[in-house]
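Just below is one structure, and these are the notes that go with it.
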Amino acid sequence: MKTTHPSCITRSLVLGSAALLCVGAGAWGGPPPADPAVGLRLLVSDRDNDTIWLLWDRNHDGVIDNTEATIYATGAQNPTAMSIRRDGLLIVGDQGATRVLRYRDNNHDNDARDPGESSIVATSPSPWPVQCGFVTGAGFDAAGDIYIVNAGNALYPADGVFRLRDLSGNFDCNDAGELEAYCNAGPLGPGNTTYSPQEIVFSGGFGFVRESNTTAGFPGVWKLQDLNNDGDCNDAGEFVSFWTSALAGVAPGSGFAMEIDPIRPAGGTFGQGFYTYQVATGAVDQIVRLRDLNTDGDCNDADEAVLVYSSNESGFSILDIVALSDGSLLVVDNSGKKIYRLRDTSGDGLFSADERTVFFANTPAIIPDMRKAVIVPPVCLADIADDAGTVPPRMSAPNNGVNEGDYNGFFASQGFFFQSGLGPAAVGSSCDIACDDGTSLWENPGCTNNGVNEGDYNCFFNNLFLPCG
4 MKTTHPSCIT RSLVLGSAAL LCVGAGAWGG PPPADPAVGL RLLVSDRDND TIWLLWDRNH
64 DGVIDNTEAT IYATGAQNPT AMSIRRDGLL IVGDQGATRV LRYRDNNHDN DARDPGESSI
124 VATSPSPWPV QCGFVTGAGF DAAGDIYIVN AGNALYPADG VFRLRDLSGN FDCNDAGELE
184 AYCNAGPLGP GNTTYSPQEI VFSGGFGFVR ESNTTAGFPG VWKLQDLNND GDCNDAGEFV
244 SFWTSALAGV APGSGFAMEI DPIRPAGGTF GQGFYTYQVA TGAVDQIVRL RDLNTDGDCN
304 DADEAVLVYS SNESGFSILD IVALSDGSLL VVDNSGKKIY RLRDTSGDGL FSADERTVFF
364 ANTPAIIPDM RKAVIVPPVC LADIADDAGT VPPRMSAPNN GVNEGDYNGF FASQGFFFQS
424 GLGPAAVGSS CDIACDDGTS LWENPGCTNN GVNEGDYNCF FNNLFLPCG
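End of the sequence shown = 472 in our numbering, gap-free, step of one.
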């Protein structure tokens with residue numbers, strides 16, 4: 004993201020135009036750091052406190068201490084599955100309340116606790132014949148559509164992948180046609196069968212689902228593609244093995260996490276390679292890298308599955324992995340209540356025990372039950388509306404960053420001029436994106452902020468014409 008440095012903010016309010024100063028300044032007054040952990044914002048789900056935490060390296064030392072952990076969102080009764088879109092839309096699977104929730108930090112103040120920043124997207128039992136009672140995975144395709152994975156249980160037995168689209172624009176997907184079966188009874192069988200689908204990622208036009216059930220010999224990763232363009236992957240050849248064979252170099256086992264490798268091509272047409280986590284015989288935690296080296300559409304051949312990290316130490320159990328842009332991995336250890344970083348300092352493509360360091364010590368343990376972690380994407384400070392000017396951005400409407408829609412939303416009838424007349428009551432509203440001095444709430448939460456005023460106007464226009472990312 005590019006925003007202006009605090010010292011570059013214009014102090015004069017000129018309605019209808021704004022001076023653009025220090026256009027080349029980055030979010031921290033310079034180029035992005037070489038180490039992607041520096042300044043990183045990470046969301047972590049806490050199943051004990053039913054909370055989503057924001058871990059933000061505010062002092063830029065590349066690690067997180069407890070003073071850098073704040074509450075980002077509440078409301079879920081067991082936040083497990085979690086995925087975030089490039090525009091900041093966060094989808095959470097709430098297993099405790101059998102529902103799907105959405106959060107978005109609309110005013111970029113580092114939480115999603117203001118009015119309009121959260122809602123229930125889908126519930127079970129649903130008013131339509133699709134259930135999402137035990138959500139184990141969530142993801143977004145290239146178009147930004149939402150997908151959730153349900154692992155069947157006794158109460159809600161339907162294994163499957165389901166697509167959610169808010170066609171009515173009311174911030175839920177409980178209306179007719181908004182929650183659709185994308186891959187269920189066709190390949191997975193009716194009800195709660197031999198599959199146990201977990202996380203999902205999309206790359207190169209394909210979906211990839213982690214399968215955890217070892218009883219029937221189906222563990223590994225399965226590939227989804229709608230070959231006949233009928234809106235689902237329930238037809239022959241549309242749900243196929245991607246990695247289910249030990250011949251690839253590592254025997255597939257029970258596992259959950261799926262993560263795209265940002266620095267290694269996978270071969271074929273699948274975009275990047277992948278990381279996945281599993282528990283091997285003897286309670287051994289393993290991280291496996293998958294790459295389709297011979298471009299035959301799977302990773303079942305020799306050397307296409309590589310064991311890059313393994314640990315059988317007591318008091319250590321991996322529940323999630325997050326890949327950083329330099330190729331290092333963040334590992335969520337729920338037994339030790341910590342997050343570690345794995346860095347291949349030797350350059351051998353693997354992660355050894357001496358290449359593991361503590362990223363978040365969590366001492367004392369303010370987050371007692373860590374499950375899922377996602378990186379907060381770069382934010383566009385002036386992105387307050389979708390492309391059509393609707394504030395806040397609708398879940399399933401195009402939102403391609405800062406454009407005319409944001410300008411129109413800022414000056415809509417309920418926008419800046421209306422909110423500026425509300426005084427402190429406007430704190431947390433759509434146009435309240437800055438401190439009174441014009442520095443963004445994204446960079447300086449906890450600053451003096453008396454609502455919508457000159458500071459928000461200047462911050463909006465200083466970022467309106469800057470590229471995101």
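A virtual CB, placed ideally from N, CA and C, is assigned to each residue, including glycine.
* So F277 packs on F221, CB below 8 Å; how close in whole Å? -> To locate residue 277, count along the sequence shown from 1; it is residue 274. To locate residue 221, count along the sequence shown from 1; it is residue 218. That belief does not hold up - the Cβ atoms of F277 and F221 are roughly 18 Å apart, past 8 Å.
* To do: Report the residue ranges of all beta strand (DSSP E) runs contained in full by the segment 271 to 354; include only those spanning at least 3 residues, in chain order.
  => 275 to 283, 287 to 293, 308 to 314, 321 to 326, 332 to 336 and 341 to 345
* Thinking just about the alpha-carbon of each residue, which of L444, P395, F468 and C450 is nearest to the one in D112? -> Within the sequence shown, the letter at position 109 stands for residue 112. Answer by Cα proximity: L444.
* Per DSSP, the bridge partner or partners of I94 -> By one-based count along the sequence shown, residue 94 stands at place 91. Paired residue(s): S86 and R105.
* **Status (buried if at least 16 other CB within 10 Å, exposed otherwise) for E307** => Position 304 of the sequence shown, counted from the start, is the residue given in the question as residue 307. That one is buried.
* Asked: Candidates N109, F259 and D68: which alpha carbon is nearest A76's?
  -> Here residue 76 refers to the residue found at position 73 when the sequence shown is read from its first residue. Nearest option by C-alpha distance: N109.
* To do: Please classify Y159: does DSSP put it in a helix, a strand, or coil?
  => For the purposes of this step, residue 159 is identified with residue 156 of the sequence shown, where counting begins at 1. In the structure shown, Y159 sits in coil (DSSP, three-state: anything other than H, G, I, E or B).
* Sort D38, A249 and A286 by Cα distance to A305 and report the nearest one. => On the sequence shown, residue 305 is found 302 positions in, with the first residue counted as 1. Nearest C-alpha to A305: A249.
* Could you name each continuous beta strand (DSSP E) segment of 3 residues or more that falls completely within the segment 184 to 259, going from the start of the chain to the end? => 200 to 206, 209 to 214, 223 to 227 and 242 to 246
* Do you know whose CA, among L92, D347, D329 and G449, lies nearest A37's CA? -> Stepping through the sequence shown from its first residue, residue 37 is reached at position 34. Nearest C-alpha to A37: D329.
* What do you get for Q422, buried or exposed, if any count of 16 or more other CB atoms within 10 angstroms of its CB means buried? -> Counting from 1 along the sequence shown, the entry for residue 422 is found at position 419. That one is buried.
* For S48, three-class secondary structure by DSSP -> As a working mapping, residue 48 is identified with position 45 in the sequence shown. Correct three-state label for S48: strand.
* Within the same chain, show all residues whose beta-carbon is closer than 7 Å to that of S127, passing over the 5 residues directly before and after it, in chain order. => For the purposes of this step, residue 127 is taken as the residue at position 124 of the sequence shown. Correct list, in chain order: T101, R102, Q134, C135, G136 and Y159.
* Backbone CA spacing between C383 and G140 [nearest angstrom] -> To locate residue 383, count along the sequence shown from 1; it is residue 380. To locate residue 140, count along the sequence shown from 1; it is residue 137. Their Cα atoms are separated by approximately 27 Å.
* Asked: Is it the case that the Cβ atoms of A326 and P265 are separated by a distance below 9 Å?
  -> In the sequence shown, counting from the first residue as 1, residue 326 sits at position 323. In the sequence shown, counting from the first residue as 1, residue 265 sits at position 262. Yes, these two residues count as a Cβ contact at 9 Å.
* Asked: In the DSSP assignment, what are the bridge partners of R374?
  -> Mapped onto the sequence shown, residue 374 falls at position 371. According to DSSP, R374 bridges with nothing at all.
* Is the CB-CB distance between S121 and Y106 below 9 Å? -> Here residue 121 refers to the residue found at position 118 when the sequence shown is read from its first residue. Here residue 106 refers to the residue found at position 103 when the sequence shown is read from its first residue. Result yes, Cβ atoms of S121 and Y106 sit closer than 9 Å.
* If G300 and Y280 are in contact, beta carbons under 8 Å, what's the gap, nearest whole angstrom? -> The residue you call residue 300 lines up with position 297 of the sequence shown. The residue you call residue 280 lines up with position 277 of the sequence shown. Going by Cβ atoms, the distance from G300 to Y280 rounds to 23 Å, so no, they are not a contact pair.
* To do: For N231, count neighbouring C-beta atoms within 10 Å of its own C-beta (all shown protein chains included) and say buried if the count is 16 or more, exposed if not.
  => Translated into positions along the sequence shown, residue 231 becomes position 228. Counting Cβ neighbours within 10 Å, N231 comes out exposed, since fewer than 16 surround it.
* Identify whether L43 lies in helix, strand or coil by the three-state DSSP scheme. => For the purposes of this step, residue 43 is identified with residue 40 of the sequence shown, where counting begins at 1. The answer is coil: DSSP assigns L43 none of H, G, I, E or B.
* **Rounded distance between the beta-carbons of G223 and V309, thought under 8 Å** => As a first step, residue 309 is located in the sequence shown; it is residue number 306 there, counting from the start. As a first step, residue 223 is located in the sequence shown; it is residue number 220 there, counting from the start. Going by Cβ atoms, the distance from V309 to G223 rounds to 15 Å, so no, they are not a contact pair.
* I think D386 touches D409, with their Cβ atoms under 8 Å apart; what is that distance to the nearest whole Å? -> Your numbering for residue 386 matches position 383 in the sequence shown. Your numbering for residue 409 matches position 406 in the sequence shown. Their Cβ separation, rounded to whole angstroms, is 6 Å, which keeps D386 and D409 in contact under 8 Å.
* To do: Using 10 angstroms around the beta-carbon of I290, count the other beta-carbons present and answer buried if the total reaches 16, otherwise exposed.
  => Within the sequence shown, residue 290 is the residue found at index 287, counting from 1. Burial call: buried.
* To do: Below 8 Å CB to CB, which residues in the same chain sit around G33 once its five sequence neighbours on both sides are set aside?
  => Taking the sequence shown and counting its residues from 1, one reaches residue 33 at position 30. Confidence at G33 is low in this model, with a pLDDT of 46, below 50, so the placement of that residue should be treated as unreliable; the coordinate-derived value is given next. Correct list: empty, nothing qualifies.
* Given 8 Å as the limit, is there contact between the segment 360 to 373 and the segment 331 to 350, that is, 3 or more CB pairs closer than that? -> yes
* Would S399 pass as a contact of G172 if the rule is Cβ separation under 9 Å? -> As a first step, residue 399 is located in the sequence shown; it is residue number 396 there, counting from the start. As a first step, residue 172 is located in the sequence shown; it is residue number 169 there, counting from the start. Taking 9 Å as the Cβ cut-off, S399 and G172 qualify as a contacting pair.
* Can you tell me which of N403, E183 and L191 puts its alpha carbon nearest to the alpha carbon of A145? => Against the sequence shown, residue 145 aligns to sequence position 142. The shortest Cα separation from A145 among N403, E183 and L191 belongs to N403.
* If we ignore side chains and look at the alpha-carbon of each, how far apart do L332 and A40 end up? -> Numbered from 1 along the sequence shown, position 329 holds the residue referred to as residue 332. Numbered from 1 along the sequence shown, position 37 holds the residue referred to as residue 40. Those two C-alpha atoms are separated by around 10 Å.
* Pairwise C-alpha distance: L467 and C25 -> Translated into positions along the sequence shown, residue 25 becomes position 22. Translated into positions along the sequence shown, residue 467 becomes position 464. Low confidence applies here, because C25 scores a pLDDT of 31, under 50, leaving its location unreliable and the question unanswered by this model.
* Following the continuous beta strand (DSSP E) through N153, name the residue where it begins and the one where it ends. => Counted from its first residue, the sequence shown places residue 153 at position 150. Start and end: I149 to N153.
* Cβ separation of V282 and G240, assumed to be a contact under 8 Å, to the nearest whole Å -> For the purposes of this step, residue 282 is identified with residue 279 of the sequence shown, where counting begins at 1. For the purposes of this step, residue 240 is identified with residue 237 of the sequence shown, where counting begins at 1. Their Cβ separation, rounded to whole angstroms, is 31 Å, which puts V282 and G240 out of contact at 8 Å.
* To do: Select from N303, V287 and V335 the residue whose C-alpha is nearest the C-alpha of W317.
  => Here the question's residue 317 lines up with position 314 in the sequence shown. Going by the sequence as given, residue 317 is Ser instead of Trp. Out of N303, V287 and V335, V287 has the C-alpha closest to the C-alpha of S317.
* Separation of S129 from F464, as counted between CA atoms -> Locating residue 464 in the sequence shown gives position 461, where the first residue counts as 1. Locating residue 129 in the sequence shown gives position 126, where the first residue counts as 1. In a straight line, the C-alpha of F464 is about 43 Å away from that of S129.
* Verify whether the separation of the beta carbon atoms of A388 and N411 is less than 9 Å. => Counting from one through the sequence shown, the residue named residue 388 turns up at place 385. Counting from one through the sequence shown, the residue named residue 411 turns up at place 408. Closer than 9 Å, so yes.
* Asked: By Cβ distance below 7 Å, which residues in the same chain neighbour D229 in space, the five residues on each side in sequence not counted?
  -> In the sequence shown, the residue the question calls residue 229 occupies position 226. Cβ neighbours of D229 beyond the five flanking positions: D235, C236 and E241.
* Asked: Straight-line CA distance for T442 to G458?
  -> Reading the sequence shown from its first residue, position 439 is the one you call residue 442. Reading the sequence shown from its first residue, position 455 is the one you call residue 458. Taking the straight line from one Cα to the other gives about 7 Å.
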